[in-house]
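Visitor:
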Amino acid sequence: MTKGFHKKTSKRLSAKRRYNIEKKVREHNKKLKKELRKKTHSSRPNKDPGIPNSLPFKEQVIKEAQEDRRRDEERKQLVRDLQKDKRRQQRDDQLLKKRGLDELTADALARGEEFEAKGHSDGQSSTEGQSDKTSNLKSYYKEFHKVIEASDVVVEVLDARDPIGSRCPQVEEEVMRNGANKRLILLLNKVDLIPRENLKKWLRYLRNELPTVAFKACTQKQKSNLSRSRVNVLVSSEELLSSSKCLGADILMKLLSNYCRNKDLKTSITVGVVGFPNVGKSSVINSLKRCHACAVGPTPGLTRAMQLVSLDKRIKLVDSPGIIFADNSNKTEANVHSSSLMALRNAVKIETLSDPTAAVDALLNRVDRQHLTLFYRLSAFKDVNEFLALLAKRFGKLKKGGVVDVEGAARKVLNDWNVGKIRYFTVPPETQCLPFHINAQIVSQMSREFDINERIFDEEMNEINKNIPQNLSESEALLMNSFGFTSARLETEDDKQEDMEQSGAPTTWGQTSILLKQSKQQVCEDSEMKELSELKGMQLNREKRVMFKKLKKQRKRKQKIANKLSNSLQSDISLDNESYDFGTDF
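Sequential numbering from 1 applies to the sequence shown in full-length UniProt numbering.
(1) Which residues in the same chain as Lys58 place their Cβ atom closer than 6 Å to its Cβ, once the five residues preceding and following it in sequence are excluded?
(2) Compute the Euclidean distance between the alpha carbons of Leu398 and Pro356, then round it to the nearest angstrom.
(3) Using only the alpha-carbon positions, how far apart do Leu13 and Arg44 sit?
(4) Assuming Ala359 and Leu372 make a contact with CB atoms under 8 Å, what is their CB distance in whole Å?
(5) Within 8 Å, do at least three Cβ pairs link the region 142-151 to the region 161-178?
(6) Name, in chain order, the residues that DSSP records as bridge partners for Ala214.
(7) Among Asp361, Ala477, Lys24, which one has its Cα closest to the Cα of Val384?
(8) Under DSSP, the alpha helix (DSSP H) around Gly408 begins and ends at which residues?
(9) Hey, quick one: how far does the beta strand (DSSP E) through Lys393 stretch, first residue to last?
(10) Can we say the region 175-195 touches the region 153-160, given the rule of at least three CB pairs closer than 8 Å?
(11) Using DSSP with H/G/I as helix, E/B as strand and the rest coil, what is Leu256?
(12) In this structure, does DSSP put Thr9 in helix, strand or coil?
(13) What is the DSSP secondary structure of Arg71, reduced to helix, strand or coil?
(14) Determine the extent of the beta strand (DSSP E) in which Ile269 is found, giving its start and end residues.
(15) Measuring CA to CA, which of Leu374, Leu256, Phe375, Ser10 is closest to Leu317?
(16) Closer than 6 Å by C-beta to Leu364: which residues in its own chain qualify, once you throw out the five before and the five after it? Chain order, please.
(17) Please determine, among Arg423, Ile438, Gly484, the residue with the shortest C-alpha to C-alpha distance to Gly477.
(18) Are there 16 or more other CB atoms within 10 angstroms of the CB of Ser166, so buried, or fewer, so exposed?
(19) Can you tell me the Cα-Cα spacing of Ala108 and Ala389, whole angstroms?
(20) Quick one: give me the first and last residue of the beta strand (DSSP E) that Gln307 is part of.
(21) Output the boundary residues of the alpha helix (DSSP H) element that contains Ile350.
(22) Since Asp250 sits in a beta bridge, which residues does DSSP pair it with?
(23) Under the assumption that Trp202 contacts Ala249 (Cβ atoms under 8 Å), give the Cβ distance between them as a whole number of angstroms.
(24) Between the Cα of Arg204 and the Cα atoms of Gly420, Gln559, Pro429, which residue gives the shortest distance?
(25) Contact check, Leu391 vs Val413 under 8 Å by CB: the rounded distance?
(26) Please report how far the alpha carbon of Ile514 lies from the alpha carbon of Gln554, in whole angstroms.
(27) Would the beta-carbon of Pro163 fall within 7 Å of that of Met446?
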């Protein structure tokens, strides 16, 4: 008989029992979580509350804590140094075991030679720097003389704010001495920075000596299609002068065209553009070409070599490097003063000045100080140091500790002066006398060749006085005493001596050099070369080609004679190797 099926016990609980169990489970889990939080460390450390202010002797406690921290750091650093010395000593001991006495002596000798070579290289680098500087100056002289020799007409670019200060008598004398057929034109650039009445005075003054053109270079930044206005500078409006268009190019082109027509020239002429650094030579060429043919910039010395630019089929322009000022290598007061004047002419970089305060002092001695106080909104000052101190405080140029930066303020004044923020102008002398290199005959000859009509200038002046308003009043600009004529360094005696040595050197062909006695034919050739140097630039290339053909013919003739001599010598030598024959030798 099978056992009966027993029913399983039911899992049903009363609600009271079930609620008690759930409550105990919750309390148990809560307890576990609390213990787990105590065991784990949080990622954010507890912030040090510091020493409360209520603690007595708080400062003393802080000092003691800092002293303890300092001692701990010193102890740790001492331990690190000892360990480092110990490791170094161990390495040295291991090297001494491996190396012998011979290797040690060789190493010591090598280190001594390396030290001597380093000292020699330092001295050599300084001498090389000086030689590089002199070689650069020589290259500038050569480039300038190339421009003068290749040009039929030389345009000397002057700064309209100080035409006499940017004018160089040595350059004009070099042009006159280089050839009787060379002509010179003065070009007043940056005429938009001076009052119109002052411009008219300077034109009257300079046109009594040489042909003079008022000019404003184009300041547009596109690469081509630079704007040009046909309106004369003297009769242009205020808006046109303040614009970026070029003014005065038509009058310059008209003078060059008149020169070609009066001289009956059917070939092209070469026009050289010369002047001191940063007077705007390359900008003038770009304005005439109406494109950026030459690199321009506010940095002096940007043009380093002559550059030929074809304006049209009749006129070629030659850009030249800036004229080098007179040498200021000696540290005398006169040379320091001249270097200050160079800085005021924007002929040197302001950043490279060792003493910009001297340049500002030279500026204050030549201008009205009240104008500078109004321009910079400063109070009255006595000397240059007080002026620069007030200016440094005004523009916040302070060093560490609140000390005024005098040099920084001086450089700011020089930058404002050279950029054109401070408007200034000079007046021409009351009495006019021609320079020593210009006479009345040269003035009348140039006026006739360039077809300068005084009536046209008079009509322009009358039209200005009647209709044209002022672009800048003389009260708004700063009146300054002119710097006077500036002397340039065109060539030194050493350079001339080197050129003479090079011209007298023997002609070298391959590896042999032959010195021949000067013959009558060579004297004739020298006289022809002398006549060639006196020709105009436009005929120079044709004459050079003719001379080159003559030299080639003479070289061929000499080569034939040398070949005959060598053949006869070769036949004489061959007689020793051959047998004697009565039929052929007699």
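Here a beta-carbon is modelled for each residue, glycine too, at the ideal position from N, C-alpha and C.
Guide: Considering the structure as presented:
(1) Ile51
(2) 17 Å
(3) 48 Å
(4) 14 Å between Cβ atoms; not a contact.
(5) yes
(6) Leu188
(7) Asp361
(8) 406-419
(9) Where Lys393 is concerned, there is no enclosing beta strand (DSSP E), although the alpha helix (DSSP H) it sits in stretches over 384-394.
(10) yes
(11) helix
(12) coil
(13) helix
(14) 269-274
(15) Leu256
(16) Val384
(17) Looking at the sequence provided, one finds Ala at residue 477 rather than Gly. For the residues Arg423, Ile438, Gly484, the minimum Cα distance to Ala477 belongs to Arg423.
(18) buried
(19) 56 Å
(20) 307-310
(21) Careful: Ile350 lies outside any alpha helix (DSSP H) and carries neither H nor E.
(22) Looking at the DSSP assignment, Asp250 forms no beta bridge with any residue, so it has no partner.
(23) Their Cβ separation, rounded to whole angstroms, is 19 Å, which puts Trp202 and Ala249 out of contact at 8 Å.
(24) Pro429
(25) 7 Å
(26) Summary for Ile514: the model assigns pLDDT 34, below 50, so the residue's position carries little reliability, and this model does not support an answer.
(27) no
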